[in-house]
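Residue 473 in the numbering used here sits at position 30 of the sequence shown, with consecutive numbering throughout.
Scroll down for the structure; my scribbles are underneath it.
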Amino acid sequence: MKTIAALQRSDQSVFEQVFRQYHEAIYFYVLGKTASPYIAEEVVQVTFVKLWQTRASLSCQYQLSTQLFRIARTTMIDMLRKEKNVRRHATVINLPDGHKNDVWEKIEEKELLRAVDHAMSHMPDVRRKVFAMSRFQGKSYSEIATELTLSLKTIESHMTAALKQLRQLLGACLFFIL
């Protein structure tokens, strides 16, 4: 509630804190739904722009994370619809479609997803489950703790270790992809 009130007062430092706290979770949530790093990054950016633009109308009735993921989901659906329409129109008038995945983009996406899957396969079962619930299902740490009957600190430890492990294992992969 304090965070929402601070955002409503246009507190930029709180906005930056919210961005740091949620941008990764939103990215992985969208990536899990679309398998497109490009769309995931775009949705994250648009989500936080919309959050800032609509900060005055945020509801104290709902958790900030709920409102953020609702914005992200709506944004993702809108982007996918627009992309589908662009493809359809490009096909109808027989123009090259700049939005179609070219060969390199598909290779990069497959390589990144394969690398993430590989990295996750090296995680202990509980850590992998905690990471997937947080990043792919968009659940909060407290929701995960309740569902797995673990302490909040344990969930935080698993997430810290999972992210560190992913950074270590994906570092080389990301270098070659980018």
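For glycine and all other residues, C-beta sits at the position ideal for the given N, C-alpha and C.
As the structure is a prediction and not an experimental result, all values here were calculated from the model.
DSSP state of residue i mapped onto helix, strand, coil
| i | result |
| --- | --- |
| residue 505 | coil |
| residue 583 | coil |
| residue 600 | helix |
| residue 463 | helix |
| residue 477 | helix |
| residue 571 | helix |
| residue 534 | For residue 534, the pLDDT reaches just 48, beneath the cut-off of 50, and the residue's location in the model is therefore unreliable, although a value from the coordinates is still provided. If DSSP states are grouped into helix, strand and coil, residue 534 belongs with the helices. |
| residue 447 | helix |
| residue 593 | coil |
Alpha-carbon to alpha-carbon, residue j and residue i
| i | j | result |
| --- | --- | --- |
| residue 579 | residue 465 | 13 Å |
| residue 570 | residue 472 | 17 Å |
| residue 602 | residue 500 | 32 Å |
| residue 504 | residue 447 | 10 Å |
| residue 606 | residue 573 | 11 Å |
| residue 558 | residue 526 | 26 Å |
| residue 596 | residue 522 | 36 Å |
| residue 534 | residue 459 | Only weak support exists for where residue 534 lies, its pLDDT of 48 falling under 50; the coordinates are left without a value. |
| residue 591 | residue 564 | 20 Å |
| residue 518 | residue 462 | 16 Å |
| residue 577 | residue 475 | 11 Å |
| residue 502 | residue 451 | 10 Å |
| residue 512 | residue 581 | 8 Å |
Member of the options whose CA lies at the smallest distance from the CA of residue i
| i | options | result |
| --- | --- | --- |
| residue 555 | 609, 525, 587 | 609 |
| residue 508 | 469, 483, 495 | 469 |
| residue 479 | 495, 453, 553 | 553 |
Buried or exposed (CB count within 10 angstroms, at least 16 for buried), residue i
| i | result |
| --- | --- |
| residue 444 | exposed |
| residue 515 | buried |
| residue 497 | exposed |
| residue 492 | exposed |
| residue 598 | buried |
CB-CB length for residue i against residue j, believed under 8 Å
| i | j | result |
| --- | --- | --- |
| residue 562 | residue 612 | 4 Å |
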